[in-house]
Amino acid sequence: MRLKALIVDDEYPARMELRYLLEKFSHVEVVGEATNAAEALQLINALDYSIIFLDINMPGVNGLDLSKQIKNNPQKPNVIFVTAHEEYALEAFGVDAVDYLLKPVNPERLTEALLKVENRIAKTNNIATKPKSEANSTTLDIIPIESQGKTVLLKHTDIIYVNAQNDYCIFKTFDKQFLSRFTLKDLEARLNKNLFFRCHRSYLVNIKRVREVTPLYNGTLLLTVDDKEKSEVPVSRSQVKQIRNSLGM
109 MRLKALIVDD
119 EYPARMELRY
129 LLEKFSHVEV
139 VGEATNAAEA
149 LQLINALDYS
159 IIFLDINMPG
169 VNGLDLSKQI
179 KNNPQKPNVI
189 FVTAHEEYAL
199 EAFGVDAVDY
209 LLKPVNPERL
219 TEALLKVENR
229 IAKTNNIATK
239 PKSEANSTTL
249 DIIPIESQGK
259 TVLLKHTDII
269 YVNAQNDYCI
279 FKTFDKQFLS
289 RFTLKDLEAR
299 LNKNLFFRCH
309 RSYLVNIKRV
319 REVTPLYNGT
329 LLLTVDDKEK
339 SEVPVSRSQV
349 KQIRNSLGM
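Residue numbering for the sequence shown follows my numbering, beginning at 109 and increasing consecutively.
Pasting the structure below:
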């Protein structure tokens, strides 16, 4: 898959560094550069592109506001934020960014971000593409969670289950839990589909963290997962067959 990239960053060294890294990918072509939002909008309206690598802290309109302006662009922009600041991660994913890379850009994370773009484009076009490896598609996947005044970048593989309660979702890891305003519908789209299964209207479960399955008299199931408390996650009757298949039962 050929990818055409725009780089939007007010700092010349940052643009050159990212261009240098992207030129190492034979299937990626940098088709334009901009130093601010106004220049970026001109390129976005004039060029054919697949990805926008977007800085956040720029003079005038910042990268987050620009991404909101172009969200409904007919070209369906795949935005990858590239910034020196961790604190904008939650807001960045809130505008449906493909990824969030910290400067200086790690080549492995850049590879992962490009793979995510390819998969998103393929899904949009109803073309099935297979990740290079499960490690590439899941290990570095993160979701940003605000906790105690900071943003925790939570790996998908560390999430054991998610429980929706009223207006919040609780993310459960081995020995911690985090509260978030994500909805389960949002999370179904964001979390790795090879790991997470909607087993109940109020639960998403990481099927690789299930350790026991207990059938109940009413035709439902209880899943015992491997957090510290050995929590039990319910499976609704309508999802029993699919969860059994997912677990190889």
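We put the beta carbon where it would ideally sit given N, CA and C, even for glycine.
On a predicted model such as this, the values are computed, not experimentally measured, just so you know.
Exercise. Looking at the structure shown, is Tyr-358 part of a helix, part of a strand, or coil, going by DSSP?
Worked result: Here the chain comprises residues numbered 109 to 357, so residue 358 is not present and cannot be evaluated.
Problem set entry | Cβ-Cβ separation, Leu-331 to Glu-340 (assumed contact under 8 Å), whole Å | For Glu-340 against Leu-331, the beta-carbon gap comes to about 7 Å, under 8 Å, which counts as contact.
Problem set entry | When Ala-148, Asn-271, Thr-219 and Lys-224 are compared against Val-343, the one with the closest alpha-carbon | Among Ala-148, Asn-271, Thr-219 and Lys-224, the Cα nearest to that of Val-343 belongs to Asn-271.
Problem set entry | Nearest-angstrom Cα separation, counted from Thr-291 out to Ala-145 | Those two C-alpha atoms are separated by around 31 Å.
Exercise. If Val-116 and Ser-158 are in contact, beta carbons under 8 Å, what's the gap, nearest whole angstrom?
Worked result: Wrong, their Cβ atoms sit about 14 Å apart, outside the cutoff.
Problem set entry | Cβ distance (whole Å) where Phe-286 is taken to contact Val-260 below 8 Å | For a cut-off of 8 Å, the C-beta gap from Phe-286 to Val-260 is around 6 Å, short enough to register as a contact.
Problem set entry | Three-state secondary structure assigned by DSSP to Gln-285 | In the structure shown, Gln-285 falls within a strand segment according to DSSP collapsed to helix, strand and coil.
For this session: Within 10 angstroms of the Cβ of Ile-160, are there 16 or more other Cβ atoms? Answer buried if so, exposed if not.
Result: Answer is buried; the Cβ neighbour count reaches 16.
For this session: Leaving aside the five residues before and after Glu-194 along the sequence, list all residues of the same chain whose C-beta is less than 8 Å from its C-beta, in chain order.
Result: Closer than 8 Å at the Cβ level, and outside the excluded window around Glu-194, lie Leu-210, Thr-259 and Leu-261.
Exercise. Are there 16 or more other CB atoms within 10 angstroms of the CB of Ser-288, so buried, or fewer, so exposed?
Worked result: Burial check for Ser-288: the Cβ neighbour count within 10 Å reaches 16 or more, so the residue is buried.
Problem set entry | Residue from Pro-215, Val-213, Arg-217 and Val-206 whose Cα sits closest to the Cα of Asn-227 | When each option's Cα is compared against that of Asn-227, the closest is Val-206.
Exercise. Should Val-203 and Leu-172 be called a contact, given that it needs their Cβ atoms to be closer than 8 Å?
Worked result: Their beta carbons are under 8 Å apart, which means Val-203 touches Leu-172 by this criterion.
Exercise. Smallest Cα separation from Leu-218: which of Arg-309, Glu-119, Arg-123 and Leu-130?
Worked result: Comparing alpha-carbon positions, the option among Arg-309, Glu-119, Arg-123 and Leu-130 lying closest to Leu-218 turns out to be Leu-130.
For this session: Would you list the residues sitting across from Glu-340 in a DSSP beta bridge?
Result: Thr-332.
Exercise. If you run the structure through DSSP and keep just helix, strand and coil, what is Ile-351?
Worked result: Ile-351 falls in the helix class under three-state DSSP.
Problem set entry | Endpoints, the alpha helix (DSSP H) within which Glu-367 is located | The structure shown does not extend to residue 367, since the chain is modelled only from 109 through 357, so no value can be given for it.
Problem set entry | Contacting residues, own chain, Cβ-Cβ under 6 Å from Ala-142 (five flanking each side not counted) | Annotation for Ala-142: Val-116, Ala-148 and Leu-151 place their beta carbon closer than 6 Å to its own, counting only its chain and skipping 5 residues before and after.
Exercise. From which residue to which residue does the alpha helix (DSSP H) around Tyr-120 run?
Worked result: Tyr-120 -> alpha helix (DSSP H) spans 120-130.
Problem set entry | Of the listed residues Ile-188, Tyr-196 and Lys-316, nearest to Pro-252 (C-alpha basis) | Residue Tyr-196 is the option with its Cα nearest to Pro-252.
Problem set entry | Cβ-Cβ distance between Leu-198 and Glu-119 below 8 Å | Not a contact, by the Cβ cut-off of 8 Å.
Exercise. For Gly-168, which of helix, strand or coil comes out of DSSP?
Worked result: Judged by DSSP in its simplified three-state form, Gly-168 adopts coil rather than helix or strand.
Problem set entry | For Lys-284, the nearest candidate out of Glu-220, Gly-168, Asp-335 and Val-348 (CA to CA) | Of Glu-220, Gly-168, Asp-335 and Val-348, the residue nearest in Cα terms is Asp-335.
For this session: Using alpha carbons as the reference points, say which of Arg-317, Pro-215 and Gln-177 lies closest to Tyr-128.
Result: Of Arg-317, Pro-215 and Gln-177, the smallest CA-CA separation from Tyr-128 is found for Pro-215.
Exercise. DSSP on Glu-242, reduced to helix/strand/coil?
Worked result: Because the pLDDT of Glu-242 is 36, which lies under 50, any placement of that residue in the model is unreliable, and the question is left without a value.
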